[in-house]
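Just so you know, we're using this note's numbering here: the sequence shown kicks off at 113 and counts up by one.
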Amino acid sequence: MSIWPMQTIGVIESCFKEKFAIPRQPGLSPSAEATLTLLPPFDTPDAVRGLEQFSHVWLMFIFHETASQGWRPTVRPPKLGGNQRMGVFATRSTFRPNPIGLSVTKLTGIDTHEGVRIHLRGADLLEGTPIIDLKPYLGYADAIVDAANGYADTGHAPLQVHFSAEAETQLMQLQTQYPLLRNLITEVLSQDPRPGYADDPTREYGMALYQLNIKWRCDTTGAVVTAIEPV
Ligand code: SAH
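What follows is the structure in structure tokens.
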């Protein structure tokens, strides 16, 4: 068996502080902010020279939070409601022989004043995710508009997202500090992050975005954000 030595080239700071409710693919939450800080010896402006010319980048990363759980030949994709099995290589599951993830994100800025910090939008990445490679997204090569998406094309309609009066007030107070918060919450909840099997309509959920705990539940109209509290 071949072993290829690899190094973490950088680490992600993300608005997503826990796995629960992170969208299942990038781009589903265009308002999600992340910053990639390169680590020595990769943290030189030379290593990113020219990258600013691209609007999007590919990130290869380690599913560090779940890596210790190993892999199985088949997994249950959430897209299929969690009750059908597909081959691990026919899915984007985190439980893979090599726990490597692949995400395309928007590149919004590169700061090379002290080290290298790369600002991203739309990433589906957990806080602290180790990045093992970064490369430009090439529309002419990477975008295949008529691609067949298989079973991944199935799925339910997005949830409508509403905010309680209390949550609206809290959003208003947080507007300066987190200008993207309303959009971010809406994008994340419209994906319906509830586990497929847990269908207790009275259940209140919490999710960690930035330094905030977002409380929400579901009713017949969709998802209702009940409160936004500092952690
Ligand atoms: N776009 C990637 C990820 C798909 S799986 C790919 O296709 O390879 C998406 C899930 O990965 C998210 O819902 C999130 O819960 C999970 N995730 C994100 N960062 C992670 C990390 N560092 N460790 C484990 N899981 C992570």
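Beta carbons are placed, not taken as given, at the ideal position from N, Cα and C, and that holds for glycine. Quick caveat: nothing in here was measured; it's all calculated off a predicted structure.
Rounded to whole angstroms, the separation of the alpha carbons of PRO135 and ARG204 is 12 Å. Following the DSSP letters along the chain, one finds LEU219 in no alpha helix (DSSP H) but inside the beta strand (DSSP E) bounded by residues 212-223. Beta-bridge analysis with DSSP links SER126 to ALA146.
The residue among GLN289, MET172, ASN261 with its C-alpha nearest the C-alpha of TYR322 is GLN289. When the alpha-carbon of ALA159 is set against those of PRO185, LEU232, ASP245, ALA320, the nearest one is in ASP245. Taken through DSSP and simplified to helix, strand or coil, GLY262 comes out as helix.
Distance between GLU278 and ALA339, taken at the CA atoms: about 6 Å.
In this structure, DSSP gives TYR252 a helical state, which the three-state scheme calls helix. Under DSSP, ARG184 shares a beta bridge with no residue. Taking 7 Å as the cut-off, the Cβ atoms of GLY122 and LEU148 count as close. Residue pairing of VAL273 in beta bridges, as defined by DSSP: ALA335.
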